[in-house]
Every structure is written in structure tokens, then in C-alpha cells.
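In terms of the numbering used here, the sequence shown is residues 2 to 241. Even glycine gets a Cβ: it sits at the ideal position worked out from N, Cα and C. Treat the numbers as computed from the prediction; the structure is a model and nothing was measured.
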Amino acid sequence: MPDTPALAHVAIIMDGNGRWAKQRNLPRTAGHRRGIEATRAIIEACVQHEIRYLTLFAFSSENWKRPKTEISVLMDLFVESLQSEVQSLNEKGVCLRFLGHRPGFSDGLCKQIQQAEELTRTNDTLFLNIAMGYGGRWDILQAVENIVEDVVHERLAVEDIDEALLEEHLVTHGIPAPDLFIRTGGEKRISNFLLWQLAYTELYFSDILWPDFNPDELEKAFENYRVRQRRFGLIQEQLA
């Protein structure tokens, strides 16, 4: 069997904060705070494993439908986390990039995002992408809208449109497709996350709730990936 390609990009849906808190008769906010601790440990583990890209699904476009009180707490946690974590991430050489639709975010959060991206812009130890206000369908739709606008204004010809062009208009442009997708919390779906980008990604589902997902659990996912054979539509004989 051919060697599995090197693991360069890991994408994670961090699911289970609310259920973790409920199991302990705690408010959901306690689960989100514990989830931040888990996130910190996983980022550090990825740096140690020399992963080049890590994309975390922090807040989906569908999450806006949650109770307003929970959304408010989550937004406050995002601001708080950026204030407390960005300097440490910068010292570790982490480059932060935020993916998603931002109009629903407060001016304060948008300012924190902009400052974090600017501070870490030249780092290259780990490229950390935080998907906030993100949805895979929205991503593809906004790419199509931008392409149509270019065609209407004759900046682009219809015959120029291909997969590569569409990828250039996705918010993940310049980022390679994920090699490994991980979802915690026991659910086995991708929930509108990186729909285009996950076309040939290896999928791994863990029953562990995100606050309990630690570097040892991450290593299990990596070991599972290492025994996969990635075919990208080819047959085994072609790979051999």
C-alpha cells in the first residue's frame, strides 16, 4: 500500500460543549469555557506535530439561530479569548486568519479580529483558521456571486470559469484542502462546514465531547489517518 500523504491540514468541528456542561448540571457557558481550554491544548499539540494548517469551526452561520443569551455569551467569550490568547499564539509563531461573514459581529469583536490578524500576519509556524459566522453553502454562494459580477462587468469570460477559479473566490483561497477532518461529540455529519474543500478529505468521528478531547485523543485521530489510503478517485493499481 502506498504511503499516506503527509498530514498538513487538519479541520475540526469542536462539538459537545453544551452536552458536557449538561452532564455536570452546569450552565452551557461553563462548557464553552472548558472548550476554550481544550482548544488551547489542541493548538499546542498541532504545533508540536508540525501541522501546517488547523481550521476550527467556532461559530457557524446556523448558530445565529441559538438563544440570544447564549449567542451574547459566546461573542463575549470570543472577545475575551482573543484578548487573553493572541499574544501567546503570536509568540508561538501562529498566524491567525478568520473565515466567515462578519456583519453580525460587534464592532469590538471585529476590531479584535483585525488586530489579531495584523499582529500575527507574518508568522508561519502554524496557520490557524477560525471559522466564525461561516457556512459552506454561504462560502460557495458568495464565490459564485463574485464570479457572476466579474462576468457582468466583463472582467471575466464565462469560458474562464473552472474549479480553480471558483476556489480562488472561496474564503479559504490560498489554503490547501484539509487532509483530515475531525468531529467530536459523537455526531457523524459535516454540518455545512467546508463543503467544497472536504471533497476528498479523510473523515474521523470521535464520541469524546470537545471539552474532554485532549492531545491523546488527537493522536488517535492521527494514527487512524496514517493507515488510510487516499485515492482521490483513482484505483489502487494506479496508486501503486
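Look up E203 in the DSSP assignment and give the residues it is bridged to.
Within the sequence shown, the letter at position 202 stands for residue 203. E203 is bridged to L181.
Using three-state DSSP, classify N18 as helix, strand or coil.
For the purposes of this step, residue 18 is taken as residue 17 along the sequence shown, with counting starting at 1. It is helical.
Can you give me the start and stop residues for the alpha helix (DSSP H) that I148 sits inside?
Here residue 148 corresponds to residue number 147 of the sequence shown, with the count starting at 1. Element bounds for I148: 137-153.
My output table needs one value for H174: the three-state DSSP class, helix, strand or coil.
Here residue 174 corresponds to residue number 173 of the sequence shown, with the count starting at 1. Here H174 sits in coil by DSSP.
Buried or exposed for Q84, going by 16 or more other Cβ atoms inside 10 Å?
Within the sequence shown, numbered from 1, the residue matching residue 84 stands at position 83. Exposed: under 16 other Cβ atoms inside 10 Å.
Tell me M133's beta-bridge partners as DSSP assigns them.
Residue 133 sits at position 132 when you count from the first residue of the sequence shown. According to DSSP, which records beta bridges pairwise, M133 is partnered with F60.
Is the distance from the Cβ of F206 to the Cβ of K189 below 8 Å?
Within the sequence shown, the letter at position 205 stands for residue 206. Within the sequence shown, the letter at position 188 stands for residue 189. In this structure, K189 lies closer than 8 Å to F206 by Cβ.
Is the distance from the Cβ of L8 to the Cβ of L181 below 8 Å?
To locate residue 8, count along the sequence shown from 1; it is residue 7. To locate residue 181, count along the sequence shown from 1; it is residue 180. In contact: L8 and L181 (Cβ atoms closer than 8 Å).
For my contact list, G19 and R29 are in at a C-beta cut-off of 8 Å; report their separation, rounded to the angstrom.
For the purposes of this step, residue 19 is taken as the residue at position 18 of the sequence shown. For the purposes of this step, residue 29 is taken as the residue at position 28 of the sequence shown. Yes, G19 and R29 are in contact; Cβ-Cβ is about 5 Å, under 8 Å.
For G187, count the other beta carbons within 10 Å of its own beta carbon; 16 or more makes it buried, fewer makes it exposed. Which is it?
Counting from one through the sequence shown, the residue named residue 187 turns up at place 186. Burial call: exposed.
Limits of the beta strand (DSSP E) - the one that F99 falls within:
The residue given as residue 99 occupies position 98 in the sequence shown. Run containing F99: 95-100, per the beta strand (DSSP E) assignment.
A39 versus I14: straight-line alpha-carbon distance, rounded
Working through the sequence shown from its first residue, we reach residue 39 at position 38. Working through the sequence shown from its first residue, we reach residue 14 at position 13. Each residue's alpha carbon lies about 13 Å from the other.
For I43 and T185, the rounded distance between their alpha carbons
Looking up residue 185 in the sequence shown gives position 184. Looking up residue 43 in the sequence shown gives position 42. T185 and I43: Cα-Cα distance of roughly 13 Å.
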